[in-house]
Amino acid sequence: NAGVTQTPKFRILKIGQSMTLQCTQDMNHNYMYWYRQDPGMGLKLIYYSVGAGITDKGEVPNGYNVSRSTTEDFPLRLELAAPSQTSVYFCASRQNQPQHFGDGTRLSIL
Amino acid sequence: GNSVTQMEGPVTLSEEAFLTINCTYTATGYPSLFWYVQYPGEGLQLLLKATKADDKGSNKGFEATYRKETTSFHLEKGSVQVSDSAVYFCALSEYAGGTSYGKLTFGQGTILTVHP
């Protein structure tokens with residue numbers, strides 16, 4: 001099983017650029033999540049989804065958008081990249097506990 | 111709101127030493143508790159979990175007991191190996207009636223380095 005797949009693994013952006021972080025899961029999970037991990041900090045929830053067509057904000061949603069058109073995919077969009085968005089981004093999914101995590105996308109904004 | 115506090119790191123041990131990583135939490139209701147491990151360059155993997163008071167989670171020689179009276183979930187291992195070097199995260203998920211979305215609240219993580 002592939003589990004939760006995130007692409008790309010690494011990316012460098014310039015300030016003001018936009019990009020989409022992709023997340024796909026093949027476990028037919030209803031719940032999906034986006035977290036960011038900053039150095040020395042735990043993971044913070046950006047957005048989550050409880051099923052196709054349903055999304056909601058987490059703790060730190062500013063500067064991000066998401067969509068959930070299918071059960072499998074949960075892309076995260078950065079519209080105007082800012083240096084404060086330099087982080088490692090993790091996507092996760094679950095049906096029941098626990099959450100299953102992807103390997104992360106390391107994003108640097110310069 | 112919910113919160114998780116882990117002992118400050120990093121932690122450096124010699125192989126075969128005893129490991130304890132402290133974790134305490136604040137939550138309303140009856141959370142489930144987790145330890146996740148993150149190896150270098152990888153995502154988080156579930157190490158163990160406990161869903162109610164006095165439950166003991168265990169896996170790969172690691173153990174943690176859900177202590178409601180002290181709101182703690184300390185991670186222990188009797189004899190660590192070099193391959194245990196990783197970042198360890200304590201986390202909780204609270205079930206809020208029938209409307210929980212299962213959000214995980216994480217501690218800040220503890221870096222463990224084990225030397226031969």
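These protein sequence lines map, in sequence, to chains A and S. The opening position of the first sequence corresponds to residue 1 in my numbering, with each subsequent residue numbered one higher. The opening position of the second sequence corresponds to residue 111 in my numbering, with each subsequent residue numbered one higher. C-beta atoms are modelled at their ideal positions from N, C-alpha and C, and glycine is treated no differently. Note that this is a predicted model, so its numbers are computed, not measured.
Using 10 angstroms around the beta-carbon of residue i, count the other beta-carbons present and answer buried if the total reaches 16, otherwise exposed.
{"i": "residue 42(A)", "result": "buried"}
{"i": "residue 213(S)", "result": "buried"}
{"i": "residue 149(S)", "result": "exposed"}
{"i": "residue 151(S)", "result": "exposed"}
{"i": "residue 225(S)", "result": "exposed"}
{"i": "residue 208(S)", "result": "Interpretation of residue 208(S) is limited by its pLDDT of 45, a score under 50 that renders its predicted location unreliable; the figure taken from the coordinates is listed afterwards. Flag for residue 208(S) reads exposed."}
{"i": "residue 95(A)", "result": "exposed"}
{"i": "residue 46(A)", "result": "buried"}
What residue from the options has the CA that sits closest to residue i's CA?
{"i": "residue 176(S)", "options": "188(S), 140(S), 163(S) and 185(S)", "result": "163(S)"}
{"i": "residue 171(S)", "options": "219(S), 215(S), 130(S) and 118(S)", "result": "130(S)"}
{"i": "residue 147(S)", "options": "226(S), 221(S) and 225(S)", "result": "221(S)"}
{"i": "residue 100(A)", "options": "26(A), 44(A) and 10(A)", "result": "26(A)"}
{"i": "residue 75(A)", "options": "20(A), 84(A), 11(A) and 94(A)", "result": "20(A)"}
{"i": "residue 196(S)", "options": "179(S), 143(S), 156(S) and 141(S)", "result": "156(S)"}
{"i": "residue 141(S)", "options": "118(S), 169(S) and 111(S)", "result": "111(S)"}
{"i": "residue 193(S)", "options": "113(S), 119(S), 118(S) and 123(S)", "result": "123(S)"}
{"i": "residue 223(S)", "options": "180(S), 191(S), 181(S) and 169(S)", "result": "191(S)"}
{"i": "residue 215(S)", "options": "36(A), 56(A) and 86(A)", "result": "36(A)"}
Using DSSP's beta-bridge definition, name the partner residues of residue i.
{"i": "residue 174(S)", "result": "167(S) and 185(S)"}
{"i": "residue 29(A)", "result": "Answer is none; residue 29(A) lacks a bridge partner."}
{"i": "residue 66(A)", "result": "76(A)"}
{"i": "residue 203(S)", "result": "142(S) and 214(S)"}
{"i": "residue 55(A)", "result": "49(A)"}
{"i": "residue 101(A)", "result": "92(A)"}
{"i": "residue 35(A)", "result": "45(A) and 90(A)"}
{"i": "residue 19(A)", "result": "78(A)"}
Where residue i and residue j are concerned, what is the direct C-alpha to C-alpha distance, given to the nearest angstrom?
{"i": "residue 54(A)", "j": "residue 108(A)", "result": "29 Å"}
{"i": "residue 153(S)", "j": "residue 2(A)", "result": "13 Å"}
{"i": "residue 167(S)", "j": "residue 18(A)", "result": "42 Å"}
{"i": "residue 217(S)", "j": "residue 115(S)", "result": "5 Å"}
{"i": "residue 6(A)", "j": "residue 39(A)", "result": "20 Å"}
{"i": "residue 97(A)", "j": "residue 60(A)", "result": "23 Å"}
{"i": "residue 121(S)", "j": "residue 186(S)", "result": "13 Å"}
{"i": "residue 52(A)", "j": "residue 23(A)", "result": "14 Å"}
{"i": "residue 161(S)", "j": "residue 14(A)", "result": "44 Å"}
{"i": "residue 11(A)", "j": "residue 110(A)", "result": "11 Å"}
{"i": "residue 127(S)", "j": "residue 89(A)", "result": "33 Å"}
{"i": "residue 66(A)", "j": "residue 189(S)", "result": "44 Å"}
{"i": "residue 199(S)", "j": "residue 69(A)", "result": "31 Å"}
{"i": "residue 16(A)", "j": "residue 84(A)", "result": "12 Å"}
{"i": "residue 113(A)", "j": "residue 104(A)", "result": "Residue 113(A) cannot be examined here, being either before or after the span of chain A that is shown, 1 to 110."}
{"i": "residue 173(S)", "j": "residue 143(S)", "result": "12 Å"}
{"i": "residue 91(A)", "j": "residue 48(A)", "result": "9 Å"}
{"i": "residue 4(A)", "j": "residue 125(S)", "result": "33 Å"}
{"i": "residue 63(A)", "j": "residue 30(A)", "result": "24 Å"}
{"i": "residue 71(A)", "j": "residue 58(A)", "result": "19 Å"}
{"i": "residue 44(A)", "j": "residue 219(S)", "result": "12 Å"}
{"i": "residue 106(A)", "j": "residue 165(S)", "result": "36 Å"}
Counting only beta-carbon separations shorter than 8 Å, does residue i have a partner in chain C?
{"i": "residue 142(S)", "result": "Annotation note: the requested chain C is absent from the structure, which comprises protein chains A and S."}
Check whether the stretch 65 to 80 of chain A touches the stretch 128 to 142 of chain S, counting contact only when three or more Cβ pairs, one atom from each stretch, lie closer than 8 Å.
-> no
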